[in-house]
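Protein sequences, first through last, are from chains A and B.
Take 13 as the starting number for the first sequence in the numbering used here and just add one per residue.
Take 2 as the starting number for the second sequence in the numbering used here and just add one per residue.
In this text, a Cβ means the ideal position worked out from N, Cα and C, and glycines have one as well.
See structure below.
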Amino acid sequence: MSLRDLLRTSWRGASANKLRAILTMLGIIIGVASVIAMLALGNGARAAVEARFRSLGANQVQISEAMSFNDGQIEQAGEILSYEDGLLMSEGADMVDHVDMSIGASGKARFGRATLDIQISGVTANAPENLATAGQVQPVGWSEGVAFTMNDLLADGRFFTPAEVLEKAPVCVIGWQTAIDLFGGDGPIGQMIRVNRSRCEVIGLITELESVDESERYRSDPNSILFMPISTVIDLFYEEEPSVQITAYVTDESRMDEAKSQIKEYLRERHKIEPDSEGEYIDDFNLTTRKDILGAQQEAANTFSLLLAAMATVSLIVGGIGIMNVMLVSVTERTREVGVRMAVGARSLDIILQFLLEAILISVGGGLVGVVMGILSIPLAASLNQGMALLEPASIPLALAVSIVVGVLFGIYPALRAARLDPIEALRYE
Amino acid sequence: MSVIQTVGLIREYQMGNATLKALRGVDITVHQGDFIALMGASGSGKSTLLSLIGLLDRATSGKYYLEDVEVSSLTRDELAAIRGRRIGFVFQNFNLLPRFSAWENVALPLAYRKGEFGPEEQYKRAMNSLSRVGLDRRAGHQPMELSGGERQRVAIARALVTSPAVILADEPTGNLDSTTGNEIMNLLNELHAEGKTIVMVTHDPSIARHASRICVMRDGILTEGESAHVAA
Numbered sequence: 013m014s015l016r017d018l019l020r021t022s023w024r025g026a027s028a029n030k031l032r033a034i035l036t037m038l039g040i041i042i043g044v045a046s047v048i049a050m051l052a053l054g055n056g057a058r059a060a061v062e063a064r065f066r067s068l069g070a071n072q073v074q075i076s077e078a079m080s081f082n083d084g085q086i087e088q089a090g091e092i093l094s095y096e097d098g099l100l101m102s103e104g105a106d107m108v109d110h111v112d113m114s115i116g117a118s119g120k121a122r123f124g125r126a127t128l129d130i131q132i133s134g135v136t137a138n139a140p141e142n143l144a145t146a147g148q149v150q151p152v153g154w155s156e157g158v159a160f161t162m163n164d165l166l167a168d169g170r171f172f173t174p175a176e177v178l179e180k181a182p183v184c185v186i187g188w189q190t191a192i193d194l195f196g197g198d199g200p201i202g203q204m205i206r207v208n209r210s211r212c213e214v215i216g217l218i219t220e221l222e223s224v225d226e227s228e229r230y231r232s233d234p235n236s237i238l239f240m241p242i243s244t245v246i247d248l249f250y251e252e253e254p255s256v257q258i259t260a261y262v263t264d265e266s267r268m269d270e271a272k273s274q275i276k277e278y279l280r281e282r283h284k285i286e287p288d289s290e291g292e293y294i295d296d297f298n299l300t301t302r303k304d305i306l307g308a309q310q311e312a313a314n315t316f317s318l319l320l321a322a323m324a325t326v327s328l329i330v331g332g333i334g335i336m337n338v339m340l341v342s343v344t345e346r347t348r349e350v351g352v353r354m355a356v357g358a359r360s361l362d363i364i365l366q367f368l369l370e371a372i373l374i375s376v377g378g379g380l381v382g383v384v385m386g387i388l389s390i391p392l393a394a395s396l397n398q399g400m401a402l403l404e405p406a407s408i409p410l411a412l413a414v415s416i417v418v419g420v421l422f423g424i425y426p427a428l429r430a431a432r433l434d435p436i437e438a439l440r441y442e
Numbered sequence: 002m003s004v005i006q007t008v009g010l011i012r013e014y015q016m017g018n019a020t021l022k023a024l025r026g027v028d029i030t031v032h033q034g035d036f037i038a039l040m041g042a043s044g045s046g047k048s049t050l051l052s053l054i055g056l057l058d059r060a061t062s063g064k065y066y067l068e069d070v071e072v073s074s075l076t077r078d079e080l081a082a083i084r085g086r087r088i089g090f091v092f093q094n095f096n097l098l099p100r101f102s103a104w105e106n107v108a109l110p111l112a113y114r115k116g117e118f119g120p121e122e123q124y125k126r127a128m129n130s131l132s133r134v135g136l137d138r139r140a141g142h143q144p145m146e147l148s149g150g151e152r153q154r155v156a157i158a159r160a161l162v163t164s165p166a167v168i169l170a171d172e173p174t175g176n177l178d179s180t181t182g183n184e185i186m187n188l189l190n191e192l193h194a195e196g197k198t199i200v201m202v203t204h205d206p207s208i209a210r211h212a213s214r215i216c217v218m219r220d221g222i223l224t225e226g227e228s229a230h231v232a233a
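Right, here's the structure in full:
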C-alpha cells in the first residue's frame, strides 16, 4: 500500500472510536508533558546559574577561606587567606596568570561638613575590569549583554595603578551617589577627603550604575561605593592581618584542574598543611570555579528532574500498555476486516504497517497534546523549583520521538498478531 | 487453456487425535469462460475446495495449477500477491469495509498493488467497475447506506476491478431475498456471457441452474453433475 492509502486506513481505524483513542492517549499525554517539564527544569537551572554567575569567568578560580562549625559557631578552619597569599600566588603557581583581591570594610567618609557612612571596597588595580565583565551591574540605560569597557565605567579621572596598590597609596575612586552626597554638584577629582581619619585623594568617579537584574535594583545601590587599594584598606581598617577574597586568573582554562591543584599545593605549603594519617589534606581554603557552581546548582534541579523522569517513565509505560490493550481489542474487533484485506491481496507487511501506524497515530496524538500540556505546565514546575524552568526547544522533537518509539514498541505485538491471522478463519469470524 | 486444474487435492484437518478428511482427492478443471456451480450439503467440503482454489488455504497434498502455474508451494505473501491479481472474491455476507465508501472498497485490491496505481487511476478503475454493476451513482456511499443487493454489487465490482482470472462466489445470494438474489444472478450471468470465468458455491438448485456446469461434492469427493444448459 502507498503511504497515503496506509495513513488513510490507519486514521480511519484510530478515529473509529474517538473516546477510546483519547482515553488511551492519557498516559502518553502525562508522560510526554513530564518529559517537557523535566527538561525545562534542567534548562531553567542552567540559565539561572549562567545569569547569576556570569561574573565568574571560565578562566577564574575563586579562593576563599574555609569555615568550620564548632558548637554552633562559625569559625575559621585554619589560617586566614592573606593579602600576601594572593600577592605571591602567581609566582608560587605558574599556571596562575594574575590575581584580583578584594576586601570589604565599612567606615566614614568626610568632606568639609558632609559625613557619610559608607561601604568601602578594597580592591586591586584590575577591579574595574572585573566589574566590566561581572555582568551584575551596568551603566544606567546600557542595553543588557553589550560589553562595556573601563572608559564606559569611568565618568571622570582614572583608576588606581598596580604600583599604587603595592605602595598603599592614599587614593580612592568613588561612586556616583557617593560623589553627590559628599560634593553636591562640584567636581570631585583632585579633592582630598577623609576616610575614617586618613586623608585620601579622589582620583576617579564611576558613572551611574544599575543592577542588570531588575529585581536586584531595589535591594542594593551600586552607586554608594568607595574603592581604595586593598593594601590601603587593610592598613587603615584592620589591626590584624585580615582574610581576603582572591580570584586567580589561570593562563590556560582548558587545564583548569591542573591549575587548581597547583593553587592547592601552593596554599598548602604556605599554610603548612600536612596530610593526616590517612593521607588526606584538611584544607583551610575553598576553590570554586564556574564548573563547580554549575554542578551544585544542577544537582538541585536534578533531584526534581529525577522525580519527573520517574513519573514520565511510568506514565509512558502505562500509556504504552494502554495502547497495546486497545490495539489488541481493535485487532479482534476487526478480524473480519483483516480477512477481507488478505483476500484482496494484502501481504503480512501491509497488515503489520496498518496496525502499527494506527498505534503510532494514537501515541503521537497523545505526544502532541502532551507537548502542549508540558509547555503549559512549565510555570507550575517553575513555582515548585524557585522560578527556574525554561522550555528546552530540543525537548519537543525529543518528546515526539519518544511517543513514536512507544507507539512502535507497544503496537508491534498487536500488529504481528493481526498479520498472523489465518485468512479463512478471519473471514468467518463473527 | 485451463484456468484452474487440480490433481488429487487432499485436505485434512487435525482435530485432537482424529483426522478430519475434508477433501479426499479432488480433480477439477475449470476452463476459460466456465460458470461452475459447486453444490453439496454442508460439511461436504465445497467451501474447503473454494478456499483452496482461492489460495486462502493450502492443500495437505495434491497439485494445484492456476493458469498453468503450480501454486501449492508458494509462500504466504506470494499467495497474497496472486490473490490480489488473479482472483476475485464475492462472499455471502458481502465483506465490505465499514467507514469506507463504495468506490474505496472497490479500489482496495488496487491499493495493495504497490506503486502500480496512483490515487487517480485507482478511482478511475473503481468507478469503471462500479458502473459495470450499475452503481456508479452510489460511489460515495458507505456500506451502511446501501441495501443488501447494492452491497453485493459493490462486492462484485471489487471482484471485477483487477480483471481476475476467476471470480469465486461463496453463496452470493445467501443473505438476499429472492428478487434481489435473482438480480445478482442475472448480473453474474451477464459477466459469464462477457466471458468471465466464475466458480460459485451454492446449496440452492434454483441458483445452481444459472451455471453452465454443476459439480457436486459429497464427503470430500467431487462428481461432475449434468450441464444445466444441456438440461435446459
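- Taking all protein chains shown into account, A:Gly332 has 16 or more neighbouring C-beta atoms within 10 Å of its C-beta and is therefore buried.
- Any Cβ of chain B closer than 8 Å to the Cβ of A:Ser22 would place that residue at the interface, and such an atom is absent.
- Secondary structure at B:Ile37: strand, using DSSP grouped into helix, strand and coil.
- Within the model, the alpha-carbon separation for A:Met113 versus A:Leu388 is close to 46 Å.
- Proximity of chain B to A:Glu345 at the Cβ level (cut-off 7 Å) is not reached, the minimal Cβ distance being about 11 Å.
- Taken in chain order, the complete alpha helix (DSSP H) segments of 4 residues or longer contained in the segment 146–217 of chain A are 162–165, 174–178, 188–195.
- With a cutoff of 8 Å on beta-carbon distance, A:Thr244 and A:Ala181 are scored as near each other.
- The three-state reading of DSSP puts B:Gly9 in strand, counting E and B together.
- Boundaries of the alpha helix (DSSP H) harbouring A:Gln274: 268–283, taken from the DSSP string.
- A:Met323 has its alpha-carbon roughly 53 Å from the corresponding atom of A:Leu99.
- Excluding its 5 nearest sequence neighbours in each direction, B:Val72 has C-beta neighbours in its own chain below 6 Å: Tyr65, listed in chain order.
- For B:Leu147, not one C-beta of chain A is nearer than 8 Å to its own C-beta.
- Nearest in C-alpha terms to B:Lys125, of all of B:Glu117, B:Arg59, B:Met16, B:Ala108, is B:Ala108.
- Contacts with chain B at 8 Å (Cβ-Cβ) do not include A:Ile364.
- Around B:Asn96, the beta-carbon contacts reaching into chain A at under 8 Å are Arg348, Gly351, Val352, Ala355, Leu439.
- Below the 8 Å Cβ cutoff, chain A contributes Met13, Ser14 as neighbours of B:Lys115, in chain order.
- With fewer than 16 other Cβ atoms from the protein chains shown falling within 10 Å of its own Cβ, A:Met204 counts as exposed.
- Just so you know, the alpha carbons of A:Ile294 and A:Ser317 end up roughly 34 Å apart.
- Taking C-alpha positions only, A:Glu265 is separated from A:Asn71 by approximately 5 Å.
- Note that the segment 155–171 of chain B touches the segment 87–95 of chain B; at least 3 beta-carbon pairs, one per stretch, sit closer than 8 Å.
- For B:Thr198, no beta strand (DSSP E) encloses it, and the DSSP letter there is neither H nor E.
- For A:Asn235, no alpha helix (DSSP H) run applies, since DSSP gives it neither H nor E.
- The count of Cβ pairs closer than 8 Å, one atom from the segment 115–125 of chain A and one from the segment 170–181 of chain A, stays below three, leaving the stretches out of contact.
- When A:Gln150, A:Met162, A:Gly196, A:Pro234 are compared, the shortest CA-CA separation from A:Gly187 is found for A:Pro234.
- Among the CB atoms of chain B, none fall inside 8 Å of the CB of A:Arg429.
- Between A:Gly382 and A:Ile40, the CB-CB gap stays under 8 Å.
- By the rule that beta-carbons nearer than 8 Å mark a contact, B:Arg214 does not touch chain A.
- With respect to the 8 Å criterion, A:Ser415 and A:Gly357 are not classified as neighbours on the basis of their beta carbons.
- Here the C-alpha atom of A:Glu220 lies approximately 31 Å from the C-alpha atom of A:Leu306.
- Against B:Ser43, chain A offers no close residue; the least beta-carbon distance is about 13 Å (beta-carbon pairs closer than 8 Å).
- Not a single C-beta of chain B is nearer than 8 Å to the C-beta of A:Ser342.
- Taking C-beta separations shorter than 6 Å and ignoring five residues to either side along the sequence, the partners of B:Leu80 in its chain run Leu56, following chain order.
- Taking the Cα of A:Ser210 as reference, the smallest distance to any Cα among A:Ile237, A:Glu286, A:Ile246 is reached at A:Ile246.
- For A:Leu128, the enclosing beta strand (DSSP E) has its first and last residue at 126–135.
- In terms of CA proximity to A:Leu248, A:Val183 leads the group A:Arg440, A:Val183, A:Glu277, A:Pro405.
- Residues Phe36, Ile37, Ala38, Met201, Ala229 of the same chain have their beta carbon placed closer than 7 Å to that of B:Ala212, with the five preceding and five following residues left out of the count.
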